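Before any comments, here is the structure.
In full-length UniProt numbering, the protein residues as written are 1 to 312.
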C-alpha cells in the first residue's frame, strides 16, 4: 500500500523570458525565448510526491482563468488528486521570471488565487486526517498553514514543513511541526541566527522543533533530532544541468519515504529516507526545467542504488 501525502500549498504559472541582459529600471530590452511552466512550491512538491510513488492530494486554489485550467491539468497529468483544488473568481497565481545569459534572474510573484486559500473545508480536513504526511510550505496565507498543521496534529498525521520562502515563523506553527525542512538561508531566518555552521543552525532549530532536515545542495543534507541523533548524508555526484526544482524534488520524496518507512523509528530508517531524498534532488538536477524535471520513482531508485548501495 502506497504512502498517502497531502499537500496544502500554492500553484503558479511561471511566465519565463530569456534575454541577453536584464533590464534596468525604466529600460526595455529585447527578449529571446518565452515559455510557460506550471510551478508554485506546493504544486511542485505534490507532483514530486506523486511521481515518487505516493497517493497525493493537493489542497489549493486556482483562478477561473485559462491559467487555472492549465495548472489543474498539469497536476492531473502528474497523478495528483485535485478533488480538493478549488476554483475561485479572478486570476490564478503567476510568477514573472526574467533570465539573462549568465543565469541571473528577477522574479515577481502575483499570488492571485493562492491568497484566497483562507480556510479549510470539512472535506479538506478529512483528507488531511486520512493522510500519513501533511506537507506544507509558506506560499499561502500563514493562518491557513497553521490551521492545516493543527488539524493534522489532532488527527495524528505527521506534519512536514518546508519553511520556504524564508520567513520568521509563529510559535504556534513551530509547536505543531514534526519535521522541519530548510536550506541554510531559511534555517538562519527561522532560527534568528547569523551562522554558516550547519551544527549551530541545527542546535538553534532544535530549540523550536523536534526534528530538522538541513538541505545543503551539492553537499547533501544534515539531520538532527532531540533524541541526539545526528546524520550527514552526501549527495550523489552528478553533472547538474538545472537545480531549479531540486529542493522540491527532495522535499516531496522525503515526505514519501518518511511515510513508507514509518518516520523516525530508527537511525537506519532516517538515514535511508535522507539518502532517497538526496537521490531525488540529484535526479531532478540532471534534467533541464522545473516541474517537468521532477523524477519518477524508477529514476530515484536507480540513482539511490548506484550511490548508496551497501551504505550503513
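We treat Cβ as the ideally placed atom computed from N, Cα and C, and that holds for glycine. Since this is a predicted model, take the numbers as computed values, not measurements.
Checklist entry - Skipping 5 residues on each side, what residues in its chain have a beta carbon closer than 6 Å to that of residue 7? => result Position 7 of the chain shown, counting from 1, holds the residue named residue 7. Here the set comprises 42, 45, 46, 58, 135.
Next on the checklist: So for residue 147, helix, strand or coil by DSSP?
Outcome noted: Locating residue 147 in the chain shown gives position 147, where the first residue counts as 1. Annotated three-state conformation of residue 147 is helix, per DSSP.
Checklist entry - Where does residue 134 fall in DSSP's three states? => result Here the question's residue 134 lines up with position 134 in the chain shown. In this structure, residue 134 counts as strand in the three-state DSSP scheme.
Checklist entry - Of the choices 267, 250, 95, 80, whose alpha-carbon is the least far from that of residue 295? => result Residue 295 sits at position 295 when you count from the first residue of the chain shown. Measuring from the Cα of residue 295, the nearest candidate turns out to be 250.
Checklist entry - Exposed or buried, which one is residue 106 when buried takes at least 16 other CB atoms within 10 Å? => result Translated into positions along the chain shown, residue 106 becomes position 106. Its Cβ having fewer than 16 others within 10 Å, residue 106 is exposed.
Item to check | Spatial neighbours of residue 149 in its chain, beta-carbon cut-off 8 Å, leaving aside the 5 residues before and after | outcome: Position 149 of the chain shown, counted from the start, is the residue given in the question as residue 149. Hits under 8 Å: 134, 136, 159, 161, 173, 176, 177.
Checklist entry - Buried or exposed: which applies to residue 147, given that a residue is buried once 16 or more other Cβ atoms fall within 10 Å of its Cβ? => result The residue labelled residue 147 in the question sits at position 147 within the chain shown. Residue 147 comes out buried.
Next on the checklist: Please report the straight-line C-alpha distance between residue 27 and residue 34, rounded to a whole angstrom.
Outcome noted: The residue labelled residue 27 in the question sits at position 27 within the chain shown. The residue labelled residue 34 in the question sits at position 34 within the chain shown. Taking the straight line joining both Cα atoms gives about 19 Å.
Next on the checklist: Taking the alpha-carbon of residue 192 as reference, which of 181, 50, 207 has the nearest alpha-carbon?
Outcome noted: Sequence index remark: in the chain shown, residue 192 carries index 192 (1-based). Among 181, 50, 207, the Cα nearest to that of residue 192 belongs to 207.
Checklist entry - For the beta strand (DSSP E) that contains residue 114, what are its first and last residues? => result Translated into the one-based positions of the chain shown, residue 114 becomes position 114. Note, residue 114: premise wrong, no beta strand (DSSP E); not H, not E.
Item to check | 6 Å Cβ shell around residue 125 - same chain, five flanking residues per side excluded | outcome: Counting from 1 along the chain shown, the entry for residue 125 is found at position 125. Here the set comprises 151.
Next on the checklist: On the criterion of 16 or more Cβ atoms from any shown chain inside 10 Å, does residue 24 qualify as buried, or is it exposed?
Outcome noted: Within the chain shown, the letter at position 24 stands for residue 24. Within a 10 Å sphere around the beta-carbon of residue 24 sit fewer than 16 other beta-carbons, which makes this residue exposed.
Checklist entry - Got a sec, what are the start and stop residues for the alpha helix (DSSP H) residue 298 sits in? => result On the chain shown, position 298 is the one that residue 298 refers to. 297-308 is the extent of the alpha helix (DSSP H) around residue 298.
Item to check | CA-to-CA distance, residue 128 to residue 71, given in whole angstroms | outcome: Numbered from its first residue, the chain shown carries residue 71 at position 71. Numbered from its first residue, the chain shown carries residue 128 at position 128. Computed Cα separation, rounded: 22 Å.
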